[in-house]
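Beneath this line is the structure, given in structure tokens, with notes to follow.
Residue numbers (the working numbering): 1 to 984.
Written out as structure tokens, the structure reads:
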């Protein structure tokens, strides 16, 4: 009987060529564990740990014994009952699986690796490579794939996976001497492994070396750049020595030639120390470079070039405007002769004027650098995508000093050393424009005291700031005055002054971006007869697109300029940039972006960081990201060109679900006993926020308020409207409590239209109710009445008694506000009946409290105390802290009217403590005002002032309109005893 087992991939078994079914999942996983450790005893406790983790069930041992029996029957089907197994034996308190090397692919793999290593040690790397290729060909996927992921995560399987990785690296090391066919097979496996292990720097270095050795130098450098960016994004680190040396070998052309015999391959070149000065690293050269004879280039070049003074700065812009604070700051960064060389990084989004500022500043300070001014466009973001390499850049800098080509050493490190030697003892300004990353710039920085490097980049170049001590200067958009000054310089002050309104509109529609202003002003300059109002009309008509910002490419066209940053992104970051065009604005959190992109939060954070470094996003506050309007327009265009409409639509649903469900959770945290709208489950891969407490929920609502309102508007006007009305209903309480009544009116108007368009009766009912109350807050009584009537009717149609009850409570509130207290009591009575019929105790308790308040307005204080105590008892029974706090506050007001000031203060303090516990800032301030009024009535003005100051701070913090009345009272203009106010 011939048997064969496989674990290098899916776990499988064959007997006489026929596959054997391995039984249930736990039995298959146990078999994999034994195969991975074949020939070794596996203790029972190790089996339990692998199969069930730290908490195995009580029956786990019996289950293992049962599966062992099942495996024995599979392995030895003719074994008599009760006989000892030859294959699966008890050993050392566990089990040992015995297999022959020819039966198990893992053992075959290991045997081939040993043979390959022995051949390589004897110098036969061709046959060694062939054996490793055969060994790697045994793999069909990750070790034991197909078993439960939690079991496959066991270290035993991870160790076997690592053997594959080591074998790939060994094959890559032997392959250059193995010939075309074997090398190509190794390269295929090496590429696959590198894709699965993108952060393994040794593996990536092997891939770079082998690509270069097979003539794929360009791809090798692309791999290096991709790995370097990924390491920076995900780990915040620079490449390690293996990667850097692999890059240098590609740039130097010293990558191993595959045609050379393995034993003849030289070791990587290392610097050779000058015997005359072994401690001086500047006196080094690559071992592969021919050392110049004494008195030749190495000695004569620096001095021989001393008479040449480069002056390479581009022409300064005549219409330069603004940037006064940046220029003042730059002046403090100039080095003095005795100080170490300085480096300044000017970063910012495309078109913000980095190069213009750098060149302008360089001209201003050129006289401080008498030994020359160098300028290099590093082409980090260029239409062709071909960034300037370090070797090309160093050659250009050496050429600037007139170094003869024959005297420039071939090695990169030797060229860098010569460059540093040339600058020694000199004061030189080096402008390195349009850099892609820190690694491109680092070898070009001057080290001589008194020198200055000015670097511009769309990336922030954190590596230079961290490792080289560079100073960072991030350019923002122009201020409005500076933007208008730019137009005046380009178009003439008189023309701009004639049309101030059109000028201001042009500045606004250009988003104060210098590139956009330059393109528009060029169009106006070429058409001097056009009024600026006509230019503004064109911009307004094309708002939301880049059509008005198209000029002569590449530098005069916004799309071209933006594309250079976009093309440098990783595919995932580019996808996120496009999808962010769906976001309603004005800014986006990490969790929202994760929902939008359907990616994990950690992965999304890294992608957002990449977009920030590329200056395609701005992190305005920690964890909150925004983009310029023109970049959003560019992203919108790209989405239409590159993304399937269905994918963009699905991303929009995930984003709206994120905001809807997060807001729902936040409001529920603030008012857990208030009746809430039922929501469907969020779309797959949506990441709603979760809040640890009420403060976190309130902070989230405050931070996202503008975004949530924009989402209501966007979905209501351009979507199907289903999220619009639901989100508006969810936010109703938050907006009302914070005095955002105009925003409430706008949101609920949009929601009403959206629900009507959908034909959603329940949505229309909610929206009409909220809109009616908002209009009542704004003293639009007739409009409020119409919407509340409509809401009552619609809630009745869909059979929502609690919805009807809240409409009656709103109507009663507004009736009290207009002095119609009897009408208010009637509506409260109807609301109470509806709540009782629905079994809603908290709603019924709230009605008792509001009836008590109405009795206070009627001067019936004893009745008020009675109703408020009823409310208090029910809220205490149901555990509704919000309702209990409201009842204590109302009770305090009733006792105040009865001149029981101590009782009133005791009630207010209880309410205050609860409002602080549930983080309801507005009602906390409301209660503080009541405390102040009671102190005033009792003659304790000092206590009143403290309470009013606290209340004012809260109300001003949330921008509530009640702050004005509190401020007047605090200033002594309205120190009146408490007068019952209408409340809900």
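Virtual Cβ for every residue (Gly too), placed ideally from N, Cα, C.
Note that the structure is a prediction, hence the values are computed from the model and not measured.
So for residue i, helix, strand or coil by DSSP?
i: residue 183; result: helix
i: residue 68; result: helix
i: residue 392; result: helix
i: residue 620; result: strand
i: residue 434; result: strand
i: residue 94; result: strand
i: residue 147; result: strand
i: residue 690; result: coil
i: residue 319; result: coil
i: residue 219; result: helix
i: residue 656; result: helix
i: residue 347; result: strand
i: residue 589; result: strand
i: residue 474; result: strand
Under a Cβ-count criterion, where at least 16 other Cβ atoms within 10 Å of its own Cβ denotes burial, should residue i be classed as buried or exposed?
i: residue 894; result: buried
i: residue 188; result: exposed
i: residue 692; result: exposed
i: residue 934; result: buried
i: residue 604; result: buried
i: residue 856; result: buried
Measure the CB-CB distance between residue i and residue j and report whether it falls below 8 Å.
i: residue 195; j: residue 249; result: no
i: residue 97; j: residue 113; result: no
i: residue 683; j: residue 716; result: no
i: residue 630; j: residue 452; result: no
i: residue 139; j: residue 353; result: no
i: residue 171; j: residue 186; result: yes
i: residue 639; j: residue 578; result: yes
i: residue 623; j: residue 582; result: no
i: residue 880; j: residue 664; result: no
i: residue 905; j: residue 869; result: no
i: residue 47; j: residue 94; result: yes
i: residue 687; j: residue 754; result: no
i: residue 178; j: residue 125; result: yes
i: residue 802; j: residue 772; result: no
i: residue 348; j: residue 37; result: no
i: residue 144; j: residue 167; result: no
i: residue 401; j: residue 422; result: yes
i: residue 697; j: residue 666; result: yes
i: residue 882; j: residue 822; result: no
i: residue 197; j: residue 165; result: yes
i: residue 599; j: residue 460; result: no
i: residue 724; j: residue 712; result: yes
i: residue 199; j: residue 235; result: yes
i: residue 409; j: residue 418; result: yes
Starting from the C-beta of residue i, find all residues in its chain whose C-beta is less than 7 Å away, skip the five residues before and the five after it, and write them out in chain order.
i: residue 960; result: 738, 739 and 922
i: residue 574; result: 566
i: residue 327; result: 361
i: residue 708; result: 659, 663, 727 and 731
Closer than 7 Å to a non-hydrogen atom of the ligand PLP - does that hold for the CB of residue i?
i: residue 91; result: By its list of ligands, the structure shown contains no ligand whatsoever, and the ligand PLP lies outside what it can speak to.
Which residues in the same chain have their Cβ closer than 6 Å to the Cβ of residue i, if we skip the five residues on either side of it in sequence?
i: residue 141; result: 9
i: residue 794; result: 761, 764 and 765
i: residue 251; result: 391 and 412
i: residue 445; result: 343 and 453
i: residue 322; result: 478 and 482
i: residue 852; result: 864, 867, 868 and 890
By Cβ distance below 8 Å, which residues in the same chain neighbour residue i in space, the five residues on each side in sequence not counted?
i: residue 809; result: 827, 828, 831, 846, 847, 850 and 984
i: residue 950; result: 925 and 928
i: residue 119; result: 125, 127, 128 and 131
i: residue 966; result: 925, 929, 948, 951, 952 and 955
Practice task
Check whether the segment 419-436 touches the segment 456-470, taking contact to mean three or more Cβ pairs, one atom from each stretch, closer than 8 Å.
Solution key: yes
Problem - Segment contact flag, the segment 17-25 with the segment 39-59, C-beta cutoff 8 Å, min 3 pairs - result: no
Handout entry: Touching by the beta-carbon criterion (3+ pairs, under 8 Å), the segment 328-335 and the segment 489-501
Key = no
Practice task
Count the C-beta pairs between the segment 518-526 and the segment 480-491 that are closer than 8 Å, then say yes if the count reaches three, no if not.
Solution key: yes
Practice task
For the segment 367-380 and the segment 307-321, state whether three or more C-beta atom pairs, one from each stretch, are separated by less than 8 Å.
Solution key: yes
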